[in-house]
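Asker: One structure follows; several queries about it will come next.
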Amino acid sequence: MTPFAVLALLATSALSAPTQKSPSIKVPLPERKLFQRATGDVDASSFMGHLNYTIQKYSGQALKSYNGGVADILKRQNAEEQLTDQVQQGEDELYYGPGTVGGQSGFTFDFDTGSSDTFVPGPNCGTAQGCSGNVHYQNTGQDEGNTTSVTYGSGMITGENYFDTVTVAGLTAKHQNVISLTQAQGFSGSASNSLMGMGFQSIASSGQPPYFKTLIDEGTVTNKEFSFYLGRAASGTQGKSELTLGGRDKSKFTGTPTKIAVSTPGYWQIPLDGVKVNNFQDPIDQLADKGQAAIDTGTTIILAPLAAAATIFARIPGSVPIPLELINGALEPLLFAYPCAENPKVAITFGGKDFAINSKDFNFGRLTPDFAEFLGNNTLSGLLNSASYCLASIAAFDIQPQENLYVVGDAFLKNWYSIYSYDGANGKPSVSFAKAVGNQ
């Protein structure tokens, strides 16, 4: 049987003792939601902090006046380990699971396909330096004698590089680069205390292979794929989320997965054919919608290029843009509000097939006048005082230098089981989607 591993996202974490080359590993992940209050209204500070993090992650830019630092960057072989699906106010935001580094337990990793490094809190990285929690890596591995720094629009994270063992669900990478953080402003406040990048080595700030690639290189897994099932609290599946290392969990999806070859191995980046609203896509607008998509389990929202977002929301009656500013003022990201009475049916087209976004995921909650006050937007405040508007999970931002790049996060991925393969497209990397059980 081909070795593989599964990380499941559950509210409770459990780890059984697997053999190193067992057929399956499942890690249930907890999840959290910080974007809504108990009333269903959008929490402006939490949402803007996450949006700011996502923009910084892909562009190095930061939002002016809504500076959330780099919050949440430390997010989310026969063995089963549950990953935690942390829920707040009945909604989902972040998926994470436990692991050990150098034999030391207590690390909770955000499993992030939008990055490629492994970050853990170092021994001297406390709350003042931006690290959260009481678990700190004791620098027990082989000191590489160098550091890794990542600069964002609002700050910098820095850490020392070590080679050490990293174990998740019993699968051990014996010679894994670990960045022991010394400075990480904005990392505190995340339910996870560590980050495990699942992208490709080419975007690793350390220049070293990510954890799953190390498992492949060391022969720990022979099936060169991993897969995500992301639960949704509103559908009662939040306790069933999981990440599978070394294969896929066929009980979590139905039908034959649609496979799309990766365009550029860095992010898990694939061609995006277009976006449909209410089953309609004007052929004239289709070219504006087309682009590339970075599939990102470490991001909740969906970022679309500005021109594409304009065509998408032009198809939603009553929708209005909400302009934001960057620190340097070079680009202008946009949020979008739409009448809560509308229930737009939005689908993204990959590989010639339409993949729908459930309205539960497209709607991030009701907007209230205090959201407008947070932004200092008097025009929006007047609108929200007179009508009921909701916040869309799709925001607009042009990521430079690449044109027409979407970032497709959990608002899409909760609907579709996603499979990330190093050799799925005739020996080349691919991403596949199949209908997620219980989340349609």
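Using this note's numbering, the letters of the sequence shown map in sequence onto residues 1 to 440. C-beta atoms are modelled at their ideal positions from N, C-alpha and C, and glycine is treated no differently.
Roughly how many angstroms lie between the CA atoms of residue 85 and residue 95, to the nearest whole one?
Answerer: Because the pLDDT of residue 85 is 49, which lies under 50, any placement of that residue in the model is unreliable, and the number read from its coordinates should be weighed accordingly. Answer to the nearest angstrom: the Cα atoms are 5 Å apart.
Asker: In this structure, does DSSP put residue 212 in helix, strand or coil?
Answerer: Three-state result, residue 212: helix.
Asker: State the Cα-Cα distance for the pair residue 83 and residue 353, rounded to the nearest angstrom.
Answerer: Summary for residue 83: the model assigns pLDDT 49, below 50, so the residue's position carries little reliability; its value from the coordinates is reported in the next sentence. Rounded to the nearest angstrom, the two C-alpha atoms are 30 Å apart.
Asker: So, helix, strand or coil for residue 362, using DSSP?
Answerer: Three-state DSSP puts residue 362 in a helix.
Asker: Is residue 55 helix, strand or coil by DSSP?
Answerer: helix
Asker: Pick helix, strand or coil for residue 415, following the three-state DSSP scheme.
Answerer: coil
Asker: I'd like the span of the beta strand (DSSP E) that includes residue 335, first residue to last.
Answerer: 334-339
Asker: Going straight from the alpha carbon of residue 279 to that of residue 167, what length do you get?
Answerer: Rounded to whole angstroms, the separation of the alpha carbons of residue 167 and residue 279 is 45 Å.
Asker: By Cβ distance, which residues of its chain are closer than 6 Å to residue 59, with the 5 residues on each side in sequence left out?
Answerer: 399
Asker: Is it right to say residue 251 is buried, meaning 16 or more other beta carbons lie within 10 angstroms of its own, or is it exposed?
Answerer: exposed
Asker: Give me the Cα-Cα distance between residue 20 and residue 420, rounded to the nearest whole angstrom.
Answerer: Residue confidence is low: residue 20 scores 42 on pLDDT, short of 50, so the model does not pin down where it sits. No coordinate-derived value is stated.
Asker: Roughly how many angstroms separate the alpha carbons of residue 131 and residue 314, rounded to a whole number?
Answerer: If you take the alpha carbons of residue 131 and residue 314, they lie about 42 Å apart.
Asker: For the alpha helix (DSSP H) that contains residue 177, what are its first and last residues?
Answerer: Segment 171-184 is the beta strand (DSSP E) holding residue 177; no alpha helix (DSSP H) there.
Asker: Under 8 Å: do the region 135-154 and the region 189-208 share three or more Cβ pairs, one atom per stretch?
Answerer: yes
Asker: Cβ of residue 434 less than 8 Å from any chain D Cβ?
Answerer: Any reference to chain D falls outside this structure, which holds one protein chain only.
Asker: Quick one: what's got a C-beta closer than 6 Å to residue 203's C-beta in the same chain, skipping five residues either side?
Answerer: Here the set comprises 116 and 266.
Asker: Measuring alpha carbon to alpha carbon, tell me which of 404, 110, 123 and 143 ends up nearest residue 292.
Answerer: 404
Asker: Does the count of Cβ pairs from the region 106-126 and the region 295-312 closer than 8 Å reach three?
Answerer: yes
Asker: With a CB to CB cut of under 7 Å and the five nearest residues on each side skipped, what residues in its chain are close to residue 141?
Answerer: 102, 162, 163, 164 and 178
Asker: Under 8 Å between the Cβ atoms of residue 338 and residue 318?
Answerer: yes
Asker: Relative to the alpha-carbon of residue 412, which residue among 438, 158, 305 and 356 has its alpha-carbon at the smallest distance?
Answerer: Of 438, 158, 305 and 356, the residue nearest in Cα terms is 356.
Asker: Should residue 372 and residue 380 be called a contact, given that it needs their Cβ atoms to be closer than 8 Å?
Answerer: Yes, they are a contact pair.
Asker: Nearest to residue 275 by CA position, among 425, 349, 424 and 54, is which residue?
Answerer: 349
Asker: If we count the other Cβ atoms within 10 Å of its Cβ and call it buried at 16 or more, is residue 108 buried or exposed?
Answerer: buried
Asker: Ordered along the chain, which non-local residues of its own chain (more than five positions away) have a Cβ less than 8 Å from that of residue 172?
Answerer: 20, 165, 166 and 220
Asker: Along the chain, where does the beta strand (DSSP E) that runs through residue 354 open and close?
Answerer: 353-357
Asker: Could you tell me the boundaries of the beta strand (DSSP E) in which residue 109 lies?
Answerer: Unbroken beta strand (DSSP E) run through residue 109: 104-112.
Asker: Should the region 424-433 be called in touch with the region 229-239, which here means at least 3 C-beta pairs below 8 Å?
Answerer: no
Asker: From 144, 233 and 182, pick the residue whose C-alpha is nearest to that of residue 29; which is it?
Answerer: 233
Asker: Buried or exposed for residue 301, going by 16 or more other Cβ atoms inside 10 Å?
Answerer: Taking all protein chains in view, the Cβ of residue 301 is crowded by 16 or more other Cβ atoms within 10 Å, so the residue is classified as buried.
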